[in-house]
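K.L.:
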Amino acid sequence: MPDSEHCMKCGAKLMQDDKAIYRKMVLRTADSFLCIDCLAEYFGVSRAAIEEKIRYFRESGNCALFR
Ligand SMILES: [Zn+2]
């Protein structure tokens, strides 16, 4: 059974935002996730770039994944 509370790679405890950005950038219907650090590595970008996207989606206010 997938563990939706922890990063599937490093086992870090996941925040709501970690899951939301994973769904947004990787797979909308995901039920297992990567933390922000592992997601950044997966895309070959910096952690700050991922955090920037989270901020953008939240501030745009029209994505149901970010509340
Ligand atoms: Zn991780």
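Each residue of the sequence shown is one higher than the one before, counting from 2 in the numbering used here.
Even for Gly, the Cβ is constructed at its ideal location relative to N, Cα and C.
Remember, it's a predicted structure, so these values are computed and weren't measured experimentally.
1) Within 7 Å: the Cβ of L28 and any heavy atom of ligand 1?
2) Go to F34, then tell me how far its alpha helix (DSSP H) extends in each direction, as first and last residue.
3) In this structure, how does DSSP classify C8 when only helix, strand and coil are distinguished?
4) Give me the DSSP bridge partner(s) of K25.
5) Would you say K10 touches ligand 1, meaning its beta carbon is less than 7 Å from a heavy atom?
P.N.:
This is what the structure holds:
1) Numbered from 1 along the sequence shown, position 27 holds the residue referred to as residue 28. Not so, every heavy atom of ligand 1 lies at least 7 Å from the Cβ.
2) Sequence index remark: in the sequence shown, residue 34 carries index 33 (1-based). Run containing F34: none; DSSP gives neither H nor E here.
3) On the sequence shown, residue 8 is found 7 positions in, with the first residue counted as 1. Note: C8 maps to strand in three-state DSSP.
4) The sequence position of residue 25 within the sequence shown is 24, counting from 1. Note: K25 sits in no beta bridge, so no partner.
5) Numbered from 1 along the sequence shown, position 9 holds the residue referred to as residue 10. Yes, the Cβ of K10 comes within 7 Å of a heavy atom of ligand 1.
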